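A.B. asks: Before I ask anything, let me first share the structure, which is written out below as structure tokens.
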Amino acid sequence: MHRIILDTDPGIDDALALFLALSSPDVRLEAITTVGGNVNVNLTTYNALALLELADRTDIPVARGSHRPIVRQPMYAEHVHG
107 MHRIILDTDP GIDDALALFL ALSSPDVRLE AITTVGGNVN VNLTTYNALA LLELADRTDI
167 PVARGSHRPI VRQPMYAEHV HG
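Take any residue in the sequence shown, note its place counting from 1, add 106, and you have its number in our numbering.
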């Protein structure tokens, strides 16, 4: 059993990764941390919570991370993800 914490900015690609992790008998998802990526961190956190609700796994904690990158200005692509 692999116990993991998923650090993500859930768009469609990360949604698929999340559902694959949740369906694997070899993975125990301990928590999700969110970061700003293609959209701001408030939306990525909302997306993570919505995906867990869809999967009926609201028992998994979600922690919102930084609202901006450490070494550069954020560059969003809301027209791609959202």
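The beta-carbon is built from N, C-alpha and C at its ideal position, and this holds for glycine as well. Since we're looking at a predicted model, the values are computed, not measured.
Using the Cβ count rule (16 or more neighbours within 10 Å means buried), how would you classify A154?
C.D. replies: Flag for A154 reads buried.
A.B. asks: Considering Cα atoms alone, identify which of V177, T151, R163 and A161 is closest to R170.
C.D. replies: Of the listed residues, the one whose Cα sits closest to R170 is T151.
A.B. asks: Cα-Cα, which of H108, G117 and M107 is closest to V141?
C.D. replies: With distances taken between Cα atoms, V141 lies closest to G117.
A.B. asks: Do you know how far the Cα of A156 is from the Cα of R109?
C.D. replies: Near 22 angstroms, if we compare the C-alpha coordinates of A156 and R109.
A.B. asks: Do the CB positions of L158 and V168 come within less than 8 angstroms of each other?
C.D. replies: Closer than 8 angstroms, so yes.
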